[in-house]
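What the sequence shown shows, in the UniProt record's numbering, is residues 1 to 255, in sequence order.
Where is the CB? At the ideal position from N, CA and C, for every residue including glycine.
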Amino acid sequence: MTSGPLGIVAALHEEIADLLAEMAPGARVEHIGMRDYHVGTLHGQDCVIVLARIGKVAAAATTTALIHRFGVSEIVFTGLAGGLAHGLAVGDMVIADTLVQHDLDASPLFPRFEVPLLGRATFDTDPSLREALAQAARDWLSEAMPNHVAPEVRSELRMTSPRVHIGQIASGDQFISSAREVARLREALPQTLAVEMEGAAVAQICHEYGVPFAVMRTLSDSADDAAHVDFPRFLRDVASVYSHGILTRFLQRRS
Ligand code: ADE
1 MTSGPLGIVA ALHEEIADLL AEMAPGARVE HIGMRDYHVG TLHGQDCVIV
51 LARIGKVAAA ATTTALIHRF GVSEIVFTGL AGGLAHGLAV GDMVIADTLV
101 QHDLDASPLF PRFEVPLLGR ATFDTDPSLR EALAQAARDW LSEAMPNHVA
151 PEVRSELRMT SPRVHIGQIA SGDQFISSAR EVARLREALP QTLAVEMEGA
201 AVAQICHEYG VPFAVMRTLS DSADDAAHVD FPRFLRDVAS VYSHGILTRF
251 LQRRS
């Protein structure tokens, strides 16, 4: 049984705009540390929605405030990522089962990727949250997505038949946009499906406070030399529609 509200976090406004608009009429806003925390109800659930801003430090600070100031008992992070593994496509979803910081390296004092003094490199998401998100994502992609993303946008972004994957997400303070970087990351972290800039920081804070969490990402680009072109297009035309469609299903099924 959960006691506090659900924290819903994204890095950028476009990643959560439709859900924010839906909650806005009855919500109050608290401004803390350059962030707006929107406190309200969505589909019968008490929620706090916040834009974390970009990067691991921003995400960690926001997560800490959500836990301390708003008493959230679970956190869901939504947003975009670059696809890293072979066989993934723009428009696919990756739901994290575990997260790692790909740019953390305190070797030789600690093994590469290990968070010093925590004795671990990876942090697991909550199984029931991630399964619920994965089911909501599968249903939304098959039932509703084609009606919400115009065919010309899908064809321009090369979105053919989007799928849901569950696996490792790697985070770092770096927008990955070259084939060379992709090759380097694939070699260092062969099991990683996608890269982004916040999830593993949320994961570390949630681990330290014992708060269940999940991270769901839509692939906006392939982290390659075209990533800087694909990302803003996807952000503008698709990101919020995905988050709204999937989180609405997720929330409705919990209430
Ligand atoms: N978020 C979306 N695409 C990304 C990329 N290529 N690198 C890091 N974060 C991202």
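Does residue i come out as helix, strand or coil in the three-state DSSP assignment?
i           : result
residue 13  : helix
residue 54  : coil
residue 81  : strand
residue 152 : helix
residue 181 : helix
residue 22  : helix
residue 248 : helix
residue 237 : helix
residue 103 : coil
Straight-line CA distance for residue i to residue j?
i           : j           : result
residue 104 : residue 172 : 8 Å
residue 254 : residue 185 : 36 Å
residue 144 : residue 107 : 47 Å
residue 83  : residue 109 : 31 Å
residue 197 : residue 111 : 21 Å
residue 236 : residue 59  : 22 Å
residue 201 : residue 208 : 11 Å
residue 11  : residue 86  : 26 Å
residue 92  : residue 21  : 25 Å
residue 233 : residue 222 : 13 Å
residue 56  : residue 63  : 10 Å
residue 129 : residue 122 : 18 Å
residue 140 : residue 249 : 8 Å
residue 227 : residue 195 : 12 Å
residue 151 : residue 120 : 44 Å
residue 89  : residue 61  : 31 Å
State the CB to CB distance for the pair residue i and residue j, rounded to an integer number of angstroms; the pair is presumed to be in contact (CB under 8 Å).
i           : j           : result
residue 192 : residue 168 : 5 Å
residue 216 : residue 246 : 7 Å
residue 224 : residue 182 : 6 Å
residue 70  : residue 25  : Rounded, the Cβ-Cβ distance is 20 Å, inconsistent with contact.
Assign residue i to buried or exposed, taking buried as 16 or more other Cβ atoms, counted over all protein chains shown, within 10 Å of its Cβ.
i           : result
residue 101 : buried
residue 23  : buried
residue 189 : buried
residue 44  : exposed
residue 244 : buried
residue 133 : buried
residue 220 : buried
residue 154 : buried
residue 79  : buried
residue 38  : buried
residue 115 : buried
residue 32  : exposed
residue 1   : For residue 1, the predicted model reports a pLDDT of 45, less than 50, meaning its position is unreliable; a value from the coordinates is still stated below. Residue 1 comes out exposed.
Any heavy atom of the ligand ADE nearer than 6 Å to the CB - residues listed: Each of 80, 81, 82, 175, 176, 177, 195, 196, 197, 220, 221, 223, 227 and 231 has a C-beta closer than 6 Å to some heavy atom of the ligand ADE; these make up the full list, in chain order.
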